Amino acid sequence: MVYKYDFLIIGSGVAGMSYALKVARAHKGKVCMICKTSLDEANTSFAQGGVASVTNLEVDNFDKHIQDTMIAGDYISDYKAVKQ
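Position one of the sequence shown corresponds to residue 79 (this note's numbering), numbered consecutively onward.
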């Protein structure tokens, strides 16, 4: 069986979903979205509502930030990548 689409979107994160919605609302054609797992398991859904950063060194530090990031990632994040 052959399927034909006008748009192929790879990834179900916020960018992919936003584009799919834009195309669908504009009635520009058929959309196919593919992702590694299920549509609701994109990294965007694990972002917990924001992006963490160190902005005030008087009350925060990079070691705390690294620890918070590792906790948020359920300790499966690559420590070297987080530390960078």
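Where a beta carbon is used, it is the ideal one built from N, C-alpha and C, also for glycine.
These numbers were taken from a predicted model, which means no experiment stands behind them.
Taking each of 95, 107, 84 and 161 in turn and checking the Cα distance to residue 121, the smallest one comes out for 95. Uninterrupted beta strand (DSSP E) stretches at least 3 residues long and entirely within the region 80 to 125 occur at 85 to 88 and 109 to 112, given in chain order. Between the region 130 to 140 and the region 111 to 121, the count of C-beta pairs closer than 8 Å stays below three; the two stretches do not touch.
Residue 98 is positioned such that its CB atom lies no closer than 8 Å to that of residue 88. If you draw a straight line from the Cα of residue 144 to the Cα of residue 161, it is about 6 Å long.
With fewer than 16 other beta carbons inside 10 angstroms of its own, residue 116 counts as exposed.
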